[in-house]
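A short write-up of the structure that comes next.
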Amino acid sequence: METPLVLEKWPGVISTVTIGAKKEEGGSRGDTVKVGGQSTLPLLFKEGSIPHKPRIAFEISDIAPVDFEPELMTAYGQVVNDPLAWADTCVNKYKAELLCLKMQGTHPDFGNKSPETAAKFVSALLSRVKVPLIIIGSGDDVKDNLIMPACSEAAKGERCLIGCAVQDNYKTLVASVLADGHSIIAESPIDINIAKQLNILISDMGLNLERIVIDPTIGALGYGLEYAYSIMERARLAALSGDKTLASPFICFVGQEAWRTKEAKASPEQGIIWEALTATSLIQSGADLLVMRHPQAAGIVSNYIETLFKG
Amino acid sequence: MFIIGELINGMYPHIALALKAHDKAAIQKCALEQISCGADALDVCCGPASKDPLIDLPWLVEAIQEVTNKPLCLDSGKPKVIAEGLKAAKNLTIINSTTADQEKLEILIPLAKKYKSKLIGLTINAKGIPQNKDQRLELAALILTQASEGGFPIVDLYLDPILMPINVAQGQMRDILEAIAEFRMISDPSPKTVIGLSNISQGARPHSLINRTFLSMAVASGLDSAILNPKDKELVDTLITAELILNKNIYCDSYLEAYRKK
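Written as structure tokens, this is what we have:
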């Protein structure tokens with residue numbers, strides 16, 4: 002006798018976040034990307050609805066990359082020295098559906114670009130490519146508070162995903178995102194309590210919980226991935242049980258973490274495998290957005306997603 | 412915790428007045444205030460103020476469901492009154508309540524089934540209030556068996572161990588807490604448990620402190636639902652904290668606010 006599947010029915014649902022706005026929506030993107038909306042745990046297709054696949058964003062920066070491994074530089078070639086052409090290559094050659102722009106050149110140690118220059122770059126990128134954008138600061142809190150409002154304003158109406166808000170520095174970013182019609186990335190240091198608190202702080206400022214994506218902070222395969230996995234799983238279980246303050250999609254910065262490991266640096270093939278495996282593991286813990294670096298690793302993960310979602 | 416707001420009750424003078432004058436706005440205000448404080452459902456009771464509960468209970472139901480779709484807990488000892496309330500209700504309903512007496516069970520179980528209503532079963536019968544845990548369990552088993560035989564879904568059955576005032580039955584408090592834990596083990600799937608919280612502090616004081624202390628102990632014993640005053644903020648805060656300690660919700664610094672955002 003066949004054992005019947007035990008199916009769980011959850012009262013909660015993850016919020017759906019749309020990135021990008023088309024012309025009729027007040028933006029200029031060719032298409033939009035939706036993530037989230039699940040009413041069950043990852044890949045349990047029979048248990049609930051999983052309306053949107055995990056999506057890959059190619060990571061680029063506003064200057065030639067400062068922390069890319071030689072293998073990554075080789076993969077893209079000279080084009081990385083011209084960030085707009087680099088963006089073009091990701092979209093046209095590697096079929097990127099989303100770009101994640103890091104405003105690296107605004108960092109005091111890497112060019113210290115002004116808010117005006119940063120905003121001009123964002124505008125130029127929006128004219129050059131038609132895919133939706135994720136825009137993140139350089140990680141220098143003081144400088145990010147100066148340049149991110151300018152970048153946000155330059156992309157007003159384009160419904161970008163903008164980051165990263167952290168518990169000690171979120172107000173400026175939330176105000177910009179609210180004013181310019183974007184969504185926000187809320188970053189917490191592998192800590193579910195802070196992730197929840199930050200979502201509440203952000204929503205208290207008037208930004209709907211439905212416009213937040215959680216960056217749980219991840220470790221690469223072999224470097225604490227399981228911690229991120231368990232945090233994501235616990236947040237998802239709470240969200241599906243009805244906790245709206247944790248019912249946000251997840252974004253995972255896979256490329257930067259995977260390529261930091263000594264295993265990834267050991268050989269080009271191993272680096273690609275390390276990034277791809279980190280990404281596929283995170284898909285199973287609930288990642289909705291994967292920010293990746295190597296085009297081949299992104300290709301492998303993209304095929305993996307297609308296979309999983311074939312049904 | 413499923414919170415049933417207790418304030419729409421003819422026992423309270425302003426509700427009695429509103430009921431007498433059929434002042435819809437006053438009832439609706441009381442309903443919405445309780446919901447904004449966290450009530451998941453509303454108890455609806457005409458109380459001694461009503462001369463004709465057969466008319467007043469449906470009137471209350473209609474007035475309330477104009478402003479909310481939260482479940483309504485139809486509170487009357489008379490099955491005929493409950494039947495009138497059920498007829499008027501569009502919202503989900505909870506029958507409050509049947510006792511463990513055969514003649515009530517025979518009417519109320521089919522009625523609950525017919526209207527797809529949940530049902531509160533008091534572990535009390537015509538012989539009186541149970542004096543210990545075993546008597547409560549015996550009556551609980553009787554209600555459960557009858558419900559089960561009547562084809563009523565057990566997950567919709569709420570067993571009430573009968574909470575006595577602390578100054579009347581101090582010796583029974585431990586029995587009541589243990590009964591809450593053990594009711595769940597009578598069958599699989601488990602029935603749920605409910606208490607009328609304010610009973611414990613009737614005639615005693617300070618009400619609020621006694622209520623919230625007992626509630627946190629009952630929550631730790633596995634209580635699913637309580638009929639209480641949701642406008643008592645300290646009480647609801649205690650409830651939220653008790654559930655947090657039991658790992659039912661994820662901690663964050665603003666956990667009280669987070670719970671209310673749900």
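Chains as they are written, first to last, in this note's numbering: chain A, 2 to 312; chain B, 412 to 673. Cβ coordinates follow ideal geometry from the N, Cα and C atoms, glycine included.
- Message: Is A442(B) a contact residue of the ligand ATP, with contact defined as CB to any heavy atom under 7 Å?
- Response: As for the ligand ATP, it is missing from this structure, which has no ligand bound.
- Message: I want to verify the contact list: residues of chain A whose CB lies under 8 Å from the CB of E654(B), in sequence order.
- Response: None at all; the shortest Cβ gap to chain A is about 12 Å.
- Whole angstroms is fine: what's the gap from V1(A)'s alpha carbon to W11(A)'s? In the structure as shown, chain A begins at 2 and stops at 312. Residue 1(A) is therefore absent and cannot be evaluated.
- Taking all protein chains shown into account, do 16 or more other C-beta atoms lie within 10 angstroms of the C-beta of E1(A), making it buried, or fewer, making it exposed? Since the displayed chain A opens at 2 and closes at 312, residue 1(A) lies outside it and no answer follows.
- Item | Residue nearest to Q297(A) in terms of C-alpha spacing, selected from I215(A), F310(A), Q285(A) and A280(A) | A280(A)
- Item | For I57(A), the nearest candidate out of D63(A), E98(A) and V81(A) (CA to CA) | E98(A)
- Does any residue of chain B bring its CB to less than 8 Å from the CB of L247(A)? yes
- Give the DSSP-derived three-state secondary structure of D643(B) in the structure shown. coil
- Query: Counting along the chain, where does the alpha helix (DSSP H) carrying T118(A) start and finish?
  - Reply: P116 to R129
- Query: Does R280(A) come within less than 8 Å of chain B when only Cβ atoms are used?
  - Reply: First, the residue type needs correcting, since residue 280(A) is Ala and not Arg in the sequence shown. Chain B, which has no Cβ nearer than 8 Å to the Cβ of A280(A), makes this no.
- Item | Residues, ordered as in the chain, of the stretch 228 to 253 of chain A that lie near chain B by beta-carbon distance below 8 Å | R235, A236, A239, G243, D244, K245, T246 and L247
- Message: Against chain B, does K263(A) count as a neighbour if the rule is that its beta carbon must be under 8 Å from one of theirs?
- Response: no
- Message: Judging by CA-CA distance, which residue of I577(B), S601(B) and F594(B) is the nearest neighbour of G614(B)?
- Response: I577(B)
- Query: With respect to the beta strand (DSSP E) encompassing N507(B), which residues constitute its N-terminal and C-terminal limits?
  - Reply: T504 to T509
- Task: Answer with yes or no whether the minimum CB distance from I573(B) to chain A is below 8 Å.
- Result: no
- Task: For A629(B), decide whether its Cβ has a neighbour in chain A, counting only Cβ atoms nearer than 8 Å.
- Result: no
- Query: Distance, Cα to Cα, I163(A) vs G225(A)?
  - Reply: 26 Å
- Message: For the pair the stretch 284 to 302 of chain A and the stretch 610 to 625 of chain B, tell me if three or more CB-CB distances fall below 8 Å.
- Response: no
- Starting from D289(A), follow the beta strand (DSSP E) in both directions and report where the run begins and ends. A288 to M293
- Query: If you check the beta carbons only, do A637(B) and I414(B) fall under 8 Å apart?
  - Reply: yes
- Message: What residue range does the alpha helix (DSSP H) around T173(A) cover?
- Response: K172 to D181
- Message: What does DSSP give as the partner residue(s) for C101(A) in the beta ladder?
- Response: E60(A) and I135(A)
- Using alpha carbons as the reference points, say which of G223(A), E211(A), G272(A) and K263(A) lies closest to P250(A). E211(A)
- Item | Assumed close pair Q271(A), A265(A) - CB separation to whole angstroms, cut-off 8 Å | 6 Å
- Mind checking R160(A): buried by the 16 CB within 10 Å criterion, or exposed? buried
- Buried or exposed: which applies to T679(B), given that a residue is buried once 16 or more other Cβ atoms fall within 10 Å of its Cβ? Beyond the ends of chain B as shown, which are 412 and 673, falls residue 679(B); an answer cannot be given.
- Taking the alpha-carbon positions, what's the S523(B) to C441(B) distance? Here the sequence assigns Ala to residue 523(B), which means Ser is not the residue at that position. Their backbone Cα atoms lie some 26 Å apart in a straight line.
- Run through DSSP, which three-state label would C161(A) get? coil
- Message: Measuring straight from C-alpha to C-alpha, what distance separates T90(A) and V80(A)?
- Response: 8 Å
- Determine the extent of the alpha helix (DSSP H) in which N304(A) is found, giving its start and end residues. P296 to L309
- Message: So for N93(A), helix, strand or coil by DSSP?
- Response: helix
- Note down, in chain order, all residues in the stretch 7 to 33 of chain A with a beta-carbon under 9 Å from any beta-carbon belonging to chain B. none
- Query: In chain A, which residues lie less than 8 Å from N660(B) when you measure between Cβ atoms?
  - Reply: A239 and D244
- Helix, strand or coil for E188(A), going by three-state DSSP, please let me know. strand
- Message: If you reduce the DSSP assignment to three classes, tell me which class I535(B) lands in.
- Response: coil
- Message: Check this for me: beta carbons of L574(B) and N622(B), under 8 Å apart or not?
- Response: no
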